[in-house]
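**Student:** Taken in order, the sequence shown gives residues 1126 to 2012; the numbers are from my numbering. Glycine is no exception: its CB is placed at the ideal position from the N, C-alpha and C atoms. The structure presented is a predicted model; accordingly, all values stated were derived computationally and were not measured. Supplied in structure tokens, the structure appears directly below.
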Amino acid sequence: MLYETFNSLKEAHGQDYFTSRVSDDVIQNLNPKFELREYQKEALGRFDFYFNGYQKRQWPAHLLFHMATGSGKTLIMAANILQLYKLGYRNFIFFVNSVNIIEKTRDNFLNPLSEKYLFAPKIKFGEKEVFIKEVQNFEAVNPEDINILFTTIQGLHTRLNYPKENTLTYEEFENKDVVLISDEAHHLQTLTKEKLTQTEEEEKRSWEYTIIRGIFERNLKNILIEFTATIDLGNQNIRQKYEDKIIFQYDLRQFRLDKYSKEIEVLQADLEPIDRALQAIILSQYRRKIAEKYKLHLKPVILFKSKSIKESKENYESFLAKIKNLKSEDIQKIYSRSKGTVLEKVFHYLQKENITFDNFIKELQEDFSKEKVMLLDSENIDEEKQLKLNSLESEDNEIRAIFAVNMLNEGWDVLNLFDIVRLYDTRDGKWVHGKYKPGNTTIGEAQLIGRGARYWPFQLSPIDDMYKRKFDDNIEHELRIIETLHYHSAHNPKYIDEIKSTLTEMGILPEKYVERSLFIKESFKETEFWKNGVIFINDRIQNPRTEIFSLQDAKIENNYCYELKTGELKEDIILDEKVIPKSSTVPKAKIKCKFTDFGENIIRTAIDKIDFYRFDNLKKYFPHLKSIREFIQSDKYLGNVEIEIFGPKEKVEKLTTTEKLEIALSIVKKIAEQAKTNTSEYKGSKLFKVKMLKEIFKDKVLKIDSDDERAKGMEKIKLEEKNWYAQNDLYGTSEEQEFINFIDSFIEKLMKKYSDIAIALLRNEKFLQIFDFDKGRPFEPDFIMFLKKRNKLINIYQIFIEAKGDQFKDGKGRFENSKEGWKQKFLLEIEKNAEMEKKLTFENEHFQLIGLPFYNKTLEKEFEEAIEKKIKFKDFKKVDKDSNNGN
């Protein structure tokens, strides 16, 4: 597979081999609201490499992105359009099987007022502003615009095979370079799937034939990009066809493991459909209340799914009647069956908050009144409903429930869907070769659940990643309910097994998981460490950049090179390049000059084109700056910048105003990028504030994939028997377990050697973060160790420890230059830079904060030497060998 080839290149050349290829002008022309995630940069870097570095690329180029529902495929499409614009492409066809998806994508690409508009307010490449235009054909389009034709697959097929005036024709593609973008591309693959059963005549009438033979293969420079979350690689024809085309694989399994999805819980109940619906709205209202408790504005939506339009309408009417006549006895019935389910938490909450059933009913009747419930199907759809459906996340949209059949199975993007209720109880699978194969109904339901699994983003603090799950390591937290989608079904064990199996195969359910309890041992709670012990933690603070007085202070280069274009021509012949011979060689020259030699007007014109150089923004990065003129003229800033210009002699010696402006723009863009990269918005405070240890470390339940090495716990050492270990067990990586093995023997040696020493080690399972001094990056060290020396003055060392496996090492087998190197650098800076908050109660106690280099099994000796060097063991009282007191 192509993606596996690219995986190998990444392994050979480093983790950032592809991500580093994503160019700034592509990122800057996307809506800054949608910051690219690492896997999206990976996808774009691979795309760039395919066209600009891969020796085996095919022409015409046909690629497929296999990406999970909700992973941002449409943003990748927008970025691909920008990447291909740079390569000279201007004409794009976006096609999909659904009119609803067409409307959404048109809005995302063309409407700057849309909340989900994907491009920057202005798209600019160098000096040139570029516009996106919707077109019906490619005759007489502006060759400098991005021209997009939006159509369904069926519509495109009809237009080309039954042409009318002013519509597309096959002939139009003979001499035009066209990019075809196919969303939900599994619909395009019908011909490939049924290759062996189709006649030649049937083949010619298919959509796939129209796209591939009719358009794509008419011009060697055409490009076809497919996007899908569903590709049947079990079908031999499809696997063979896409072997050299799948450029990026990021399926639901990986999406879930990276914490970008909700978790899924299947809730089955032996109840009538209307009572399952009532159960769902009770759970939904609880979600809303928990969100409000944490000052989060959430309006959770429920989807009620029926088998037919007739049933959907009947269920809709029964639901409204039930809500209108809801009685406390109805809630009481649900309560009586709630023990051992998530609903038990709901009723516990209502009791705790003194919310009576009668008051709760009033809330439900208000929130699920007729105007807030939608009936949606092909017979009940209009423009108003479509607008409400596409804006369910908006604060002014009050829709809480939707009754539908199949209309929302594909192309429905909603993050605040938390409950799907199956109001029927049928299966349509069949036995094939002795194995039960789920039917289209179950597969469609699983795909719908996959859509609903998109994470609803929120933050509890500025350092949280709002797009990732936060409570995998604390599943008892009440906010876990807004990280979970519930699928409500009738009690049908065979169906439940079927849907779970399908969801597991898709990757949205873990194959198996286990729950592990991590708690503070009762024996440790009796120690001084726990009763009165404290811990010091720093904060992330805004970086005032007060130490920056110049470009040099901000680590920005003063010397730049610029090569002028030579004017030589290149002829592209698909896989080779040749330079057209010239009658004489162009003489070259090189000059060096001060940037300010270009004149203030040129430089000011250049910086006026870039938002970064607005004075209020510039002051954030250079707080001592007094004016734009100072920035241009002063030797502290641009006045000290020098440029070496290389190119044709006659051009270099007589630079035109346009050429000077082009050079100036290039330089100020580079300076802006360095300023943003080299100095951070935040930094870690040097002041470490004091907290009570028992306020930070709590008991919690961990949810771990059963195949994960962490699920086994500590095997070689019984931690519950170790007085120095505060918790009952360790659910850690193999490297963390190696550290425990090491520290166990190390502590044993210390105890035999010194009589006045006490030691406590705690596993940091997302209990605390500290922030590096340079950029305020959050870091959760694996362990905190306390080492106490008792004398007249009590010395307490608080030691931060991180264990790291070999996979994180740099090319020299160490960590200094690895991607994790900043964490080790920070740990080693703590001893020198940390200041501790002073408290009166610490009169007889002296604290010292220490960070150690990473623990790694192969570097164990260095780690041990670092402990012995940093902790002043010479001040500890040695055990009297003649004493029999056992100390």
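Which residue marks the beginning of the alpha helix (DSSP H) containing M1631, and which one marks its end?
**Tutor:** Here residue 1631 is taken as the residue at index 506 of the sequence shown, counted from 1. Run containing M1631: P1618 to M1631, per the alpha helix (DSSP H) assignment.
**Student:** For the beta strand (DSSP E) that Y1128 lies in, which residues bound it at each end?
**Tutor:** To locate residue 1128, count along the sequence shown from 1; it is residue 3. Note, Y1128: premise wrong, no beta strand (DSSP E); alpha helix (DSSP H) at L1127 to H1138.
**Student:** According to DSSP, is L1844 part of a helix, a strand, or is it coil?
**Tutor:** Mapped onto the sequence shown, residue 1844 falls at position 719. Helix at L1844.
**Student:** Which residues in the same chain as E1806 place their Cβ atom closer than 8 Å to its Cβ, once the five residues preceding and following it in sequence are excluded?
**Tutor:** What you label residue 1806 is simply residue 681 of the sequence shown in a count that begins at 1. Answer for E1806: Q1667, N1668 and G1901, listed in chain order.
**Student:** Evaluate contact between the stretch 1353 to 1367 and the stretch 1435 to 1447, counting only Cβ atoms and requiring at least three cross-stretch pairs below 8 Å.
**Tutor:** As far as the Cβ criterion goes, the stretch 1353 to 1367 does not touch the stretch 1435 to 1447, which means the pair count is below three.
**Student:** What would DSSP say about Y1738, mapped onto helix, strand or coil?
**Tutor:** Mapped onto the sequence shown, residue 1738 falls at position 613. In the structure shown, Y1738 sits in a helix (DSSP, three-state: H, G or I).
**Student:** Are F1925 and G1976 closer than 7 Å when you measure CB to CB?
**Tutor:** Taking the first residue of the sequence shown as position 1, residue 1925 is located at position 800. Taking the first residue of the sequence shown as position 1, residue 1976 is located at position 851. Going by C-beta atoms, F1925 is nearer than 7 Å to G1976.
**Student:** Assess, as a yes-or-no matter, whether the stretch 1443 to 1459 is touched by the stretch 1482 to 1492 under the definition of 3 or more beta carbon pairs within less than 8 Å.
**Tutor:** The stretch 1482 to 1492 vs the stretch 1443 to 1459: in contact.
**Student:** If you run the structure through DSSP and keep just helix, strand and coil, what is L1489?
**Tutor:** Your numbering for residue 1489 matches position 364 in the sequence shown. Helix, per DSSP.
**Student:** If we count the other Cβ atoms within 10 Å of its Cβ and call it buried at 16 or more, is M1817 buried or exposed?
**Tutor:** For the purposes of this step, residue 1817 is identified with residue 692 of the sequence shown, where counting begins at 1. Its Cβ having fewer than 16 others within 10 Å, M1817 is exposed.
**Student:** Look at M1961 and F1813 and say whether their C-beta atoms are less than 7 Å apart.
**Tutor:** As a first step, residue 1961 is located in the sequence shown; it is residue number 836 there, counting from the start. As a first step, residue 1813 is located in the sequence shown; it is residue number 688 there, counting from the start. Result yes, Cβ atoms of M1961 and F1813 sit closer than 7 Å.
**Student:** Taking the beta carbon of G1724 as the centre, do at least 16 other beta carbons fall within 10 Å, making it buried, or is it exposed?
**Tutor:** As a first step, residue 1724 is located in the sequence shown; it is residue number 599 there, counting from the start. Its Cβ having fewer than 16 others within 10 Å, G1724 is exposed.
**Student:** Look up N1803 in the DSSP assignment and say whether it is helix, strand or coil.
**Tutor:** For the purposes of this step, residue 1803 is taken as residue 678 along the sequence shown, with counting starting at 1. It is helical.
**Student:** Identify whether Q1393 lies in helix, strand or coil by the three-state DSSP scheme.
**Tutor:** What you label residue 1393 is simply residue 268 of the sequence shown in a count that begins at 1. Three-state result, Q1393: strand.
**Student:** Name the residue from L1974, K1794 and L1984 whose alpha carbon lies nearest to the alpha carbon of F1250.
**Tutor:** Residue numbering aside, residue 1250 sits at position 125 when the sequence shown is read from its first letter. Here the closest residue by C-alpha is K1794.
**Student:** Can you give me the Cβ contacts of A1571 inside the same chain, cut-off strictly under 7 Å, excluding the 5 residues immediately before and after it?
**Tutor:** Here residue 1571 is taken as the residue at index 446 of the sequence shown, counted from 1. Within the same chain, A1571 has close Cβ partners I1624, T1627, L1628 and M1631.
**Student:** Does the distance from the C-beta atom of I1768 to that of Y1687 stay below 7 Å?
**Tutor:** Residue mapping note: residue 1768 aligns to position 643 of the sequence shown, counting from 1. Residue mapping note: residue 1687 aligns to position 562 of the sequence shown, counting from 1. Yes, the pair counts as a contact, with Cβ atoms nearer than the cut-off.
**Student:** For I1201 and M1839, what's the separation of their Cα atoms in angstroms?
**Tutor:** Translated into positions along the sequence shown, residue 1201 becomes position 76. Translated into positions along the sequence shown, residue 1839 becomes position 714. Approximately 42 Å between the Cα atoms of the pair.
**Student:** Step through the CB atoms of chain B and report whether any lies within less than 7 Å of the CB of W1184.
**Tutor:** Protein chain content of the structure displayed is limited to a single chain, and chain B is not contained in it.
**Student:** Quick check: what's the CA-CA separation for S1880 versus K2003?
**Tutor:** Numbered from its first residue, the sequence shown carries residue 1880 at position 755. Numbered from its first residue, the sequence shown carries residue 2003 at position 878. Approximately 6 Å, taken between the alpha carbons.
**Student:** Should the stretch 1644 to 1655 be called in touch with the stretch 1191 to 1209, which here means at least 3 C-beta pairs below 8 Å?
**Tutor:** Too few Cβ pairs lie closer than 8 Å, so no.
**Student:** Alpha carbon to alpha carbon, how far is R1378 from D1550? Give it in angstroms, no decimals.
**Tutor:** Working through the sequence shown from its first residue, we reach residue 1550 at position 425. Working through the sequence shown from its first residue, we reach residue 1378 at position 253. Going from the Cα of D1550 to the Cα of R1378 covers about 27 Å.
**Student:** Three or more C-beta pairs under 8 Å: does that hold for the stretch 1716 to 1736 against the stretch 1755 to 1771?
**Tutor:** Enough Cβ pairs lie closer than 8 Å, so yes.
**Student:** Which residue from R1888, I1607 and Y1850 puts its Cα closest to that of E1390?
**Tutor:** As a working mapping, residue 1390 is identified with position 265 in the sequence shown. Residue I1607 is the option with its Cα nearest to E1390.
**Student:** Between K1847 and A1959, what straight-line distance do the alpha-carbon atoms span, to the nearest angstrom?
**Tutor:** Against the sequence shown, residue 1847 aligns to sequence position 722. Against the sequence shown, residue 1959 aligns to sequence position 834. Straight-line Cα distance between these residues: approximately 31 Å.
**Student:** Roughly how many angstroms separate the alpha carbons of Y1164 and Y1375, rounded to a whole number?
**Tutor:** Taking the first residue of the sequence shown as 1, we reach residue 1164 at position 39. Taking the first residue of the sequence shown as 1, we reach residue 1375 at position 250. Approximately 8 Å, taken between the alpha carbons.
**Student:** Considering only C-alpha positions, which residue in the set F1190, P1903, N1599 and K1241 is nearest to I2032?
**Tutor:** What is shown of the chain runs 1126 to 2012, which leaves residue 2032 out entirely.
**Student:** Could you please give me the residues that DSSP links to M1961 through a beta bridge?
**Tutor:** The residue you call residue 1961 lines up with position 836 of the sequence shown. Paired residues: F1813.
**Student:** Expressed to the nearest angstrom, what Euclidean distance is found between the alpha-carbon atoms of T1730 and Y1210?
**Tutor:** Here the question's residue 1730 lines up with position 605 in the sequence shown. Here the question's residue 1210 lines up with position 85 in the sequence shown. C-alpha separation (whole angstroms): 26 Å.
**Student:** Classify R1665 as helix, strand or coil using the three-state DSSP reduction.
**Tutor:** Counting from one through the sequence shown, the residue named residue 1665 turns up at place 540. DSSP places R1665 in strand when its eight states are reduced to three.
**Student:** On the premise that V1426 lies in contact with V1546, defined as a C-beta separation below 8 Å, what is that separation, rounded to the nearest angstrom?
**Tutor:** Indexing the sequence shown from 1 puts residue 1546 at position 421. Indexing the sequence shown from 1 puts residue 1426 at position 301. Actually they are not in contact, since the Cβ atoms of V1546 and V1426 sit about 12 Å apart, beyond 8 Å.
**Student:** Measuring straight from C-alpha to C-alpha, what distance separates Y1850 and D1664?
**Tutor:** Within the sequence shown, the letter at position 725 stands for residue 1850. Within the sequence shown, the letter at position 539 stands for residue 1664. Distance between the alpha carbons of Y1850 and D1664: 27 Å.
**Student:** Please state whether the Cβ-Cβ distance between S1943 and K1950 is less than 7 Å.
**Tutor:** Residue numbering aside, residue 1943 sits at position 818 when the sequence shown is read from its first letter. Residue numbering aside, residue 1950 sits at position 825 when the sequence shown is read from its first letter. No. Outside cutoff.
**Student:** List the residues that DSSP assigns as beta-bridge partners of G1772.
**Tutor:** On the sequence shown, position 647 is the one that residue 1772 refers to. Its beta-bridge partners are A1714.
**Student:** How close, in whole Å, do the beta carbons of D1369 and L1127 come, if the pair is a contact with beta carbons under 8 Å?
**Tutor:** For the purposes of this step, residue 1369 is identified with residue 244 of the sequence shown, where counting begins at 1. For the purposes of this step, residue 1127 is identified with residue 2 of the sequence shown, where counting begins at 1. Contact flag correct, Cβ pair sits at about 5 Å.
**Student:** Do I1273 and D1259 count as a contact pair if the criterion is CB distance below 7 Å?
**Tutor:** The residue labelled residue 1259 in the question sits at position 134 within the sequence shown. The residue labelled residue 1273 in the question sits at position 148 within the sequence shown. Residue identity differs from the one stated: residue 1259 is Glu in this sequence, not Asp. Contact: yes.
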